[in-house]
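Presented below is the structure to which this report refers.
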Amino acid sequence: KSLSILGGTGLLEEIYNYIRERFKYMFIGDGIPVEIVDAFLEVDENFLRVSRKIYVFYNFSQKSPDSAEAIITGYKRLQNILDSAKGVLIPEKPSEELFEKEEERELWKVSFDWNSKLDELIEREEFEKVFDYYAKISYILDRFFKRVFVMCEDERIRTNRLSLIKFVLKQYRKIADFYKIPTKKFTGGS
């Protein structure tokens, strides 16, 4: 009612943007990099929940900088490969029969087994456990990328591997767009 008197929905967007900017500066004042705030605001607009995610991730990154880096690096590798496959119709889930390497099977088993658990942890706001899972899957991803060539010649195998990657990336995106956080943010460098 107030918005209809004061100027409609355009004003609501201005108010939201103002609050969002103040929210970001609250974290900057606490020493948390703006990129971390942006990463979490990208997928969730509930300021209270985002606040909890940010503080938990920041504390996690301070205690385990290598694990935080692994999460960010894993996410970026997944996103970059999917970006290079633009225009390819990628199924939501891979076909286990098309896995050729043990690393594919391991990545699928762990990510599939954790999928519903991850939803439950997010729902209960047990974000520490979520980041522990992301760290675990990131190290599995590292082995996967070292031993599996995703963009192989065989179109069926390639599409299946892209499907696996898409599935894992969707798990990361349930909580943040880690692409916004610079690599080496926690372990030094730029």
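Going by the working numbering, the first residue of the sequence shown is number 14, and it counts up by one from there.
C-beta: ideal position from N, C-alpha, C; glycine also.
Cβ pair residue i, residue j closer than 9 Å
i: residue 147; j: residue 194; result: no
i: residue 170; j: residue 133; result: no
i: residue 188; j: residue 140; result: yes
i: residue 89; j: residue 192; result: yes
i: residue 95; j: residue 154; result: no
i: residue 111; j: residue 157; result: no
Inter-residue Cα distance where the pair is residue i and residue j
i: residue 97; j: residue 91; result: 10 Å
i: residue 35; j: residue 61; result: 13 Å
i: residue 184; j: residue 63; result: 17 Å
i: residue 109; j: residue 28; result: 49 Å
i: residue 143; j: residue 131; result: 7 Å
i: residue 65; j: residue 33; result: 15 Å
i: residue 203; j: residue 197; result: Per-residue confidence for residue 203 stands at a pLDDT of 48, beneath the threshold of 50, marking its modelled position as unreliable; the derived number appears in the next sentence. Roughly 5 Å separates the two Cα atoms.
i: residue 79; j: residue 149; result: 12 Å
i: residue 168; j: residue 160; result: 18 Å
i: residue 137; j: residue 166; result: 43 Å
i: residue 23; j: residue 162; result: 48 Å
i: residue 82; j: residue 31; result: 31 Å
i: residue 135; j: residue 26; result: 27 Å
i: residue 53; j: residue 186; result: 9 Å
i: residue 57; j: residue 164; result: 32 Å
i: residue 127; j: residue 74; result: 22 Å
i: residue 59; j: residue 38; result: 16 Å
For residue j and residue i, believed in contact at Cβ under 8 Å, the rounded distance
i: residue 87; j: residue 151; result: 4 Å
i: residue 190; j: residue 55; result: 4 Å
i: residue 219; j: residue 180; result: Since the first residue of the chain shown is 14 and the last is 203, residue 219 is not available in this structure.
Tell me, please, whether the stretch 59-71 touches the stretch 42-51 by the rule of three or more beta-carbon pairs shorter than 8 Å. Taking a cut-off of 8 Å for Cβ pairs, the stretch 59-71 and the stretch 42-51 touch, as three or more such pairs fall below it.
Does the count of Cβ pairs from the stretch 96-107 and the stretch 167-179 closer than 8 Å reach three? In short, these stretches touch, since the Cβ pair count reaches three.
Would you check if there are 3 or more beta carbon pairs closer than 8 Å linking the stretch 34-43 to the stretch 114-124? Touching, no.
Scan the stretch 86-153 and note each continuous alpha helix (DSSP H) run of 4 residues or more that stays entirely inside, going in chain order. Counting only runs of at least 4 residues, the stretch 86-153 fully encloses the following alpha helix (DSSP H) elements, listed from N- to C-terminal order: 115-136.
Length-filtered (4 minimum) alpha helix (DSSP H) runs lying within the stretch 57-85: With a minimum length of 4 residues, the unbroken runs of alpha helix (DSSP H) contained wholly in the stretch 57-85 fall at 60-76.
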